Amino acid sequence: MLLLLVMGLAWSFHGASCLPHPTGLTWAEEGAEGQCQCVPQLCPRATTCPAGLVRDHCGCCLECGNAEGQLCDLDGSGTFYGRCGENLECQLDIQELGYGGIPEPQCVCRSQAAVCGSDHITYQNICKFQEAVREREGRNLSITSDGPCLAVPQIKHHPQDQVNMSGHDVIFMCEVFAYPMALVEWRKDEQEFALPGDDPHISIQSRGGPLKYELSSWLQIEGVRKADRGTYFCIAHNKLGNATAKATLLVVSAEAAPPALFSSPVNPGEEAPTASEEEEDSSDYY
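Per mature numbering (1 follows the signal peptide of the UniProt record, and there is no 0), the sequence shown runs over residues -18 to -1, 1 to 268.
Structure below.
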């Protein structure tokens, strides 16, 4: 008994919560090697765990489960990276194959459906919601509905002011989140009609993304002229309301400004910096 206690204390200093039997045999079934001996008295006290509690690889003590996106043991043993938390499962990230990388097993939420919290925040899935519940212990947080929260449009990436030279192309980009999905239109100055109108050198391109319930829209002006200078408005609207962002275009001649002032716009189809890349955001969508 004394020997067992000494061994237990030694393992506890190394962060272990389950111990191999001194003889290599499990206490529950003689002759089965590689098993663990469970000593509940040596289990560490569970702390706040965003992904919930799981049994350790011995099946003895409760420990923090791995959260979504963290590495995990694909065989479920939990002996190296650990086990995934509540409502999570270990899967290979096959997207890495497309980039020439080696896929690694990661914890993935079993449901990828968004939910709306009582704090009026849309959570990417039930796992993200449960993380918020555990991190805000003591605060009453519940799911009010499946799917995203109803929300007026929010412009996540604003079009940027630009200075460009006559004859060059100009592109403004606008990224919008909304549920229900928003419609996006572009206008110039105080004009009542939406662009492009009948102007052949102005075009509009839109696509979904980069995140769920988002829409990205581009306004392109080919061979910009001095008459194109002014303020351009990105206007997003759904049945709940609307949002507007603006950017100013200044057109100069080649002799009037140094090259350093010329813009480097984002081309349609290229990945533009998103709001989450420009500034840290604690929520999953916004």
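In this text, a Cβ means the ideal position worked out from N, Cα and C, and glycines have one as well. Quantities reported herein were computed from a predicted structural model and do not represent experimental measurements.
What number of angstroms, rounded off, separates the C-alpha of residue 123 from the C-alpha of residue 46?
As a first step, residue 123 must be located in the sequence shown, where it is residue number 141. As a first step, residue 46 must be located in the sequence shown, where it is residue number 64. The straight-line gap from Cα to Cα measures roughly 21 Å.
By how many angstroms is the C-alpha of residue 130 removed from the C-alpha of residue 48?
Against the sequence shown, residue 48 aligns to sequence position 66. Against the sequence shown, residue 130 aligns to sequence position 148. So the alpha carbons of these two residues sit roughly 25 Å apart.
Run the CB neighbour count on residue 199, radius 10 Å, all protein chains shown included, and call it buried at 16 or more, exposed below.
Residue numbering aside, residue 199 sits at position 217 when the sequence shown is read from its first letter. Classification for residue 199: buried.
Which partner residues of residue 203 appear in the DSSP bridge assignment?
Mapped onto the sequence shown, residue 203 falls at position 221. 152, 184.
Might you give, ordered along the chain, the residues of its own chain that have their beta carbon closer than 8 Å to the beta carbon of residue 141, omitting 5 neighbours on each side?
Within the sequence shown, numbered from 1, the residue matching residue 141 stands at position 159. The beta carbon of residue 141 sits closer than 8 Å to the beta carbons of 154, 155, 156, 201, 214, 216, 227, 228, 229 from its chain, once the five residues preceding and following it are set aside; these are given in chain order.
Contact defined as beta carbons within less than 8 Å: I believe residue 234 pairs with residue 147. What is the distance between those atoms, to the nearest angstrom?
Locating residue 234 in the sequence shown gives position 252, counting from the first residue. Locating residue 147 in the sequence shown gives position 165, counting from the first residue. Residue 234 to residue 147, Cβ: 6 Å. Contact.
Got a sec, what are the start and stop residues for the beta strand (DSSP E) residue 167 sits in?
Within the sequence shown, numbered from 1, the residue matching residue 167 stands at position 185. 165 to 170 is the extent of the beta strand (DSSP E) around residue 167.
Have a look at residue 77 and residue 63 and give me their C-alpha separation to the nearest angstrom.
Here the question's residue 77 lines up with position 95 in the sequence shown. Here the question's residue 63 lines up with position 81 in the sequence shown. Rounded to whole angstroms, the separation of the alpha carbons of residue 63 and residue 77 is 20 Å.
Keeping to the same chain, check which residues put their C-beta closer than 8 Å to that of residue 29; ignore five residues upstream and five downstream.
As a position in the sequence shown, residue 29 is number 47, starting the count at 1. Within the same chain, residue 29 has close Cβ partners 46.
Note the first and the last residue of the continuous beta strand (DSSP E) segment covering residue 136.
Residue 136 sits at position 154 when you count from the first residue of the sequence shown. Start and end: 133 to 139.
Under the three-state reduction of DSSP, which class applies to residue 159: helix, strand or coil?
Counting from one through the sequence shown, the residue named residue 159 turns up at place 177. In the structure shown, residue 159 sits in a strand (DSSP, three-state: E or B).
What does the alpha-carbon distance come out to for the pair residue 93 and residue 162?
The residue labelled residue 93 in the question sits at position 111 within the sequence shown. The residue labelled residue 162 in the question sits at position 180 within the sequence shown. Approximately 21 Å, taken between the alpha carbons.
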